[in-house]
Every structure is written in C-alpha cells, then in structure tokens.
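Structure, as structure tokens:
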Amino acid sequence: MRRSDPFKCIRCGERASSPVRTWTLTSPFPDREGRLTVTVMGSFVCSSCGATWNAVIKKIKVGEAAGEERAERGEPYVITIDLEELKE
Ligand SMILES: [Zn+2]
0 MRRSDPFKCI RCGERASSPV RTWTLTSPFP DREGRLTVTV MGSFVCSSCG ATWNAVIKKI
60 KVGEAAGEER AERGEPYVIT IDLEELKE
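Take the sequence shown: its position 12, counting from 1, is numbered 11 in numbering that gives the first Met the number 0, and each next residue is one higher.
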C-alpha cells in the first residue's frame, strides 16, 4: 500500500491537522556511509470519521556524513524534530 501523505485519513481522505502521538524508530545498523536512519512515526485520529492509523511522518538520516551535507547546504547541524513537543 502506497500513501504519499501520512496525514491523510485512510478511510475518508480528510487531512488530520497533527498526530495525536509521535515516536521514533532507530534502525539498529548504520548504512554504508555510517549513518543511522531515524523514522518518525505518528498516530492519527481522523476528526471527520474517527478512523485511526499509524504512518511514517519522515525519515531522517543521522550521522557524520549527513551532518556534513547539511552544513554544506547551510542548514543547522542540530536535527530538531518539531513534532517532539506533542509528546506527553
Ligand atoms: Zn476519516
């Protein structure tokens, strides 16, 4: 099953404004370049039909190589997960 928008309701297609809960999954092994992939998951409840679902919100590569790439693009080195504040 392929879904492009994690915020979209699986039943009616309504868009959730924000996940009710988020958590992260970290891959146990780094990739070839020594980076770890952190997957940010979200739990959603549709305000329209009440359906609940979990979806991958984003994947973040964490590691030295990724840090250098970000620095080259002028992005901050520190990775901030803004959804973190929604955690209880
Ligand atoms: Zn819905």
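From the three backbone atoms N, C-alpha and C, an ideal C-beta is built for every residue, glycine too.
In the DSSP assignment, what residue or residues form a beta bridge with residue i?
i   : result
S46 : The partner list for S46 (beta bridge, DSSP) is empty, contrary to what the question assumes.
R14 : K7
R20 : S42
Within 6 Å: the Cβ of residue i and any heavy atom of ligand 1?
i   : result
S42 : no
R10 : yes
Considering only residues of the same chain and omitting the five flanking positions on each side of residue i, which have a CB-CB separation below 6 Å?
i   : result
A65 : The predicted model places A65 with a pLDDT of 48, which falls under 50 and marks its position as unreliable, so this point remains unresolved.
T23 : V37 and V39
D30 : none
Under a Cβ-count criterion, where at least 16 other Cβ atoms within 10 Å of its own Cβ denotes burial, should residue i be classed as buried or exposed?
i   : result
M0  : With a pLDDT of 47 at M0, under the threshold of 50, the predicted position of this residue should be treated as unreliable, though the coordinate-derived value follows. Exposed.
F28 : exposed
Checking contacts by CB at 7 Å: is residue i closer than that to chain C?
i   : result
G49 : Of the chains in the structure shown, none is chain C; there is only one protein chain.
In angstroms, rounded to a whole number, what distance separates the CA positions of residue i and residue j?
i   : j   : result
S46 : V19 : 11 Å
G49 : F6  : 13 Å
T25 : T51 : 23 Å
A15 : V55 : 14 Å
F43 : K58 : 17 Å
Skipping 5 residues on each side, what residues in its chain have a beta carbon closer than 7 Å to that of residue i?
i   : result
I90 : Any property of residue 90 remains undetermined from this structure, which presents the chain solely from 0 to 87.
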